[in-house]
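With the first letter of the sequence shown counted as 1, position 110 gets the number 110 in UniProt numbering; the numbers rise by one all the way through.
We put the CB at the ideal spot given by N, CA and C, even for glycine.
Scroll down for the structure; my scribbles are underneath it.
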Amino acid sequence: MTTSPSLPALSALPVVEPLEQTLRAEMQRVIDLKTKPPGSLGQLEALALQMGMIQRTTQPAIVRPAMIVFAADHGIANAGVSPYPQAVTAQMVLNFLAGGAAINAFSRVAGLELEVVNAGVAYDFAPHERLVDIPIGKGTRNFAQEPAMTRDEALAAMRAGVERVRHHAALGTNVIGFGEMGIANTSSAACLMSRLCSISIDECVGRGTGLDDAGLAKKRDVLAAALAYHAAPDDPLDVLATFGGFEIAMMAGAYLAAAQARMTIVVDGFIASSALLVADAFAPAVRDYCVFAHASNEAGHRRMLDHFGAAPLLTLDLRLGEGTGAALAMPLLRAAVAFINEMASFESAGVAQRDA
């Protein structure tokens, strides 16, 4: 039987206010008066407008941009839905800590502060200066047989994500992205998408880390059976607890906190977008603060982007995760801020505007 989330429990989650629209006309005027034909910078103009409205200024800035990578294991991996063993999650976290992963390289290029969070990996990590070790558990349960988490565990994970963002906000961060690592987490993401968007699982399931045709068919069958087995949950917290992961739940809370703090949120790929689906179910205004970095090569992600009405900045056929797409999009945010603050207006440059 599905139960509704208790109001006292959910009251601890951040409240997200829609963007204030009063600055829109002034911000658009600043953009239009730059020395260029109107609209000629395409999506960069929309991006600059959005960032200005989020920051409530016609001179938006990027301050201490950060990337948080949440990692956790998934019980559904035991159902054979990934070609990689579960141990790879911990191995990749150690790779992050050693600085050897793609997200390390891309964060350095993009000038991002990188934080790695153990949200629930089935491994005991030694203390490390780059690791925030706050596991909710050592991996979720196998949702093919039982809910992945309890409601209390899901809510605790969301609150932990909130606190990580508030930590960065206190340090001045106003642009943030979220990445993830967790073998079999595309299975969680596909089920969350199917249930929260009311879309057939066939349209949500992809190859993940590289399943062949037989593996993809098995994954589809396992997830379809799991959705049928857990037919009742439709409340967002119940859906998250049933199909989610500790890293996805932490990301969902992090989205809410970042929007409440009026940060520009750079959204990565399929799994990061599934966490946004959860946050969006709690507070639809969270979308106002989101920049969608890219359209991933994972089946289902474009349908997710359509659900959000999103126009992704990049299409690079990525499907790595880790926050890599979000990191690659950061230079575009810097360019949007730069043209607003550094590009001359027609009047200041003495350039004639086009005839009326």
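Asked: Can you look up Ile240 in the DSSP assignment and give me helix, strand or coil?; Found: Looking at the sequence itself, residue 240 is Leu, so the reference to Ile does not match. Three-state result, Leu240: helix.
Asked: Please report how far the alpha carbon of Ala119 lies from the alpha carbon of Ala170, in whole angstroms.; Found: 21 angstroms
Asked: From the DSSP secondary-structure annotation, give me the bridge partner or partners of His168.; Found: For His168, which the question treats as bridged, DSSP gives no partner whatsoever.
Asked: In angstroms with no decimal places, state the Cα-to-Cα distance between Asp212 and Pro83.; Found: 9 angstroms
Asked: To the nearest angstrom, how far is it from the Cα of Thr140 to the Cα of Ala184?; Found: 11 angstroms
Asked: State buried or exposed for residue 390, treating a residue as buried only when at least 16 other CB atoms are found within 10 Å of its CB.; Found: Nothing in the structure corresponds to residue 390, since the chain is present only between 1 and 356.
Asked: Return yes when the C-beta of Gly99 is under 6 angstroms from any heavy atom of the ligand COA, and no when it is not.; Found: Because no ligand of any kind appears in the structure shown, any question about the ligand COA cannot be addressed here.
Asked: Quick one: what's Thr264 bridged to in DSSP?; Found: Val175
Asked: Alpha carbon to alpha carbon, how far is Asp202 from Ser348?; Found: 56 angstroms
Asked: Curious, which full-length alpha helix (DSSP H) runs of at least 4 residues does the region 89 to 133 contain?; Found: 102 to 110
Asked: Could you spell out where the beta strand (DSSP E) holding Ala72 opens and where it closes?; Found: Ala66 to Ala72
Asked: Report back the beta-carbon spacing between Ala252 and Val291 to the nearest angstrom; my notes put them in contact at under 8 angstroms.; Found: Between Val291 and Ala252 the Cβ distance is about 18 angstroms, and since that is not below 8 angstroms, they are no contact.
Asked: Can you tell me the Cα-Cα spacing of Ala327 and Ser296, whole angstroms?; Found: 14 angstroms
Asked: What do you get for Thr2, buried or exposed, if any count of 16 or more other CB atoms within 10 angstroms of its CB means buried?; Found: Its pLDDT being 35, under 50, Thr2 is placed unreliably by the model, and the measurement read from it follows with that caveat. That one is exposed.
Asked: Measuring straight from C-alpha to C-alpha, what distance separates Phe243 and Val16?; Found: 24 angstroms
Asked: Taking the C-alpha atoms as reference points, what is the distance between Leu155 and Ser40?; Found: 45 angstroms
Asked: Can we say the region 318 to 337 touches the region 96 to 105, given the rule of at least three CB pairs closer than 8 angstroms?; Found: yes
Asked: Could you spell out where the alpha helix (DSSP H) holding Cys197 opens and where it closes?; Found: Asn185 to Cys197
Asked: Within 10 angstroms of the Cβ of Ala232, are there 16 or more other Cβ atoms? Answer buried if so, exposed if not.; Found: exposed
Asked: Name the residue from Pro312, Ser194, Gly179 and Ala338 whose alpha carbon lies nearest to the alpha carbon of Val116.; Found: Gly179
Asked: Going by DSSP, name the residue or residues bridged to Phe292.; Found: Val267
Asked: Spatial neighbours of residue 388 within its chain, please: CB distance less than 8 angstroms, with the 5 preceding and 5 following residues excluded, ordered by chain position.; Found: Outside the displayed range of the chain (1 to 356) lies residue 388, so it cannot be described from this structure.
Asked: If contact is defined by three or more beta carbon pairs under 8 angstroms, each pair taking one atom from either stretch, is the region 141 to 160 in contact with the region 70 to 81?; Found: yes
Asked: If you count every other CB in all the chains shown that lies within 10 Å of the CB of Asn341, and 16 or more means buried, which is it?; Found: exposed
Asked: Considering only the alpha carbon of each residue, which of Thr58, Ala71, Thr264 and Ile62 lies closest to residue 358?; Found: Outside the displayed span of the chain (1 to 356) sits residue 358, for which this structure offers no information.
Asked: Once DSSP output is grouped into helix, strand and coil, what is the label at residue 365?; Found: Missing from the structure shown is residue 365; the chain here goes from 1 to 356 and no further.
Asked: Taking only three categories from DSSP, how would you classify Met149?; Found: coil
Asked: Once you ignore the five residues that flank Met149 on each side, which residues in its own chain have a CB closer than 6 angstroms to its CB?; Found: Thr140 and Ala241
Asked: What are the partner residues of Met181, as DSSP defines its beta bridges?; Found: Ala71
Asked: Check whether the Cβ atoms of Ala157 and Met250 lie closer than 7 angstroms to each other.; Found: yes
Asked: I think Gly56 touches Glu20, with their Cβ atoms under 8 angstroms apart; what is that distance to the nearest whole Å?; Found: Correcting the residue type first, residue 56 is Arg in the shown sequence and not Gly. Contact holds; Cβ gap of about 7 angstroms.
Asked: Given a cut-off of 7 angstroms on the beta-carbon distance, is the pair Ser274 and Ala189 in contact?; Found: yes
Asked: Considering Cα atoms alone, identify which of Glu247, Leu223 and Arg287 is closest to Ala311.; Found: Arg287
Asked: May I ask you to report which of helix, strand or coil DSSP gives Lys34?; Found: strand
Asked: So is Ala190 in contact with chain D if we call contact Cβ pairs under 7 angstroms?; Found: You won't find chain D in this structure, because it holds only one protein chain.
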